[in-house]
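Heads up, the thing below is written out as structure tokens.
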Amino acid sequence: MSGRLEHLRRTEGTVHGARTALTRVARGTARRLNARALGWRNGVLPLGSTVIGASHITVGEGFDAARPVWLEAVTSYAGETFEPRIRIGARLTSSGLLHVSAIGEIAIGDDCLFGSNVYIGDHAHGEYRGHGSSDPSSAPRTRPLRSPGPIAIGDRCWFGDNVVVLGGVTIGDGCVIGANSVVTRSLAAGTIAGGSPARPLKTWDQAAATWRRSASTALEGRPA
């Protein structure tokens, strides 16, 4: 009797393992088909992802995300029309829940690595500087979309979890942005930055092949 029970347990384990393997294969196939339907080469688009304005979005080969993403090229809002363009380079890897939203232009380079919950957006609901600023008595969703300018992100950039990149910003090649940072100003290539708003912490010294503290960080006495 014990022998039969052991045999049944082994059989159940084998069947469960086969089902799990088949489920993984099916999900993987669906993710690849999702990407292929949008014209992405050798990429995967997780189930549950949202892509709005696909004709205004180009994605390089090898796009990979572990969890759903939200890409939106906004062509109209509150009676206004826009000509958005989102360009994502080759081999972008995201931990998931990446949100990219444009009414203008957002360009992301090749071989970038993004943690979870990264937001890259070139616009906001309303205007908050100078004459004609948005009245706080109006509902935010009714305020017009306004952008301070395009976003350009270079090749080989690494963003930690919960990074936010706002409009009018250029981030050079090889930058590292620490988790929970908000990037409101441009960063030169080879910069490690962090904080809200993000500021340079270290820069790459090519001649010495090492990262060196930025001047402001050194003055504060922070460790290298």
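Counting from -4, one number per residue, gives the positions in the sequence shown under the working numbering. Ideal placement from N, C-alpha and C gives every residue a C-beta, glycine not left out.
In this structure, ASP59 and SER111 do not form a Cβ contact; the two beta carbons are roughly 14 Å apart against a cut-off of 8 Å. DSSP places ALA210 in the helix class (H, G or I) of the three-state scheme.
As DSSP reads the structure, GLY116 sits in a beta bridge with SER96. For ALA184, the three-state secondary structure derived from DSSP is coil. With respect to SER142, HIS118 sits close: the two C-beta atoms are nearer than 9 Å. LEU33 places its beta carbon 9 Å or farther from that of ILE47.
DSSP, read as helix, strand or coil, puts ALA68 in strand. Taken through DSSP and simplified to helix, strand or coil, SER89 comes out as strand.
A straight line joining the alpha-carbon of THR186 with that of LYS197 spans about 6 Å. Within the DSSP secondary-structure output, ALA49 pairs in no beta bridge. Under the three-state reduction of DSSP, PRO63 is assigned to coil, being neither helix nor strand. The Cβ atoms of ILE83 and VAL113 do not sit closer than 9 Å to each other.
Following the DSSP letters along the chain, one finds ARG194 inside the beta strand (DSSP E) bounded by residues 194 to 200. In the DSSP annotation of this structure, the continuous segment of the beta strand (DSSP E) that includes ALA147 starts and ends at 146 to 148. Secondary structure note for ARG82: its beta strand (DSSP E) is the uninterrupted segment 80 to 83.
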